[in-house]
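Residue numbering for the sequence shown follows the numbering used here, beginning at -19 and increasing consecutively. Where is the CB? At the ideal position from N, CA and C, for every residue including glycine. As structure tokens, the structure follows; a few thoughts come after it.
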Amino acid sequence: MIVELRTYTVKPLRTPDFLQLYERAALPLQKKYLGQLVGFFISELGPLNQVVHLWAFESLAERERRRKEMEADPGWALYRHALRELDVILEQESKILKS
């Protein structure tokens, strides 16, 4: 099993805006296509304005297949467009963790 750890750094004071769009438009699609959400967190100490989520997969191949399916959904393109328009993301980081 692997876990993808994604960290989004959001412009100061814009985390609520990001979360509103993400929870409405992205999270339902991710749950549908990516499957196992391990956790979803917001930073409170250390680097601030960060949203972190973790997704479990059986393998990198499964992750790639599931992400391709999600990205083919027209709703994902709408979310990405809305996210660009919102203009709140400063940085995105993705790590693959394995046990």
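Cα atoms of R64 and E38: separation of roughly 31 Å, rounded to the nearest angstrom. A direct Cα-to-Cα measurement between A41 and M(-19) gives close to 11 Å. E3 sits in a helix when the DSSP states are folded into three classes. Residues L(-15) of the same chain have their beta carbon placed closer than 6 Å to that of K75, with the five preceding and five following residues left out of the count.
When H33, G26 and N29 are compared, the shortest CA-CA separation from A6 is found for H33. A distance below 8 Å separates the beta carbons of V(-17) and W35. A36 has V(-17) and Q16 as its beta-bridge partners, per DSSP.
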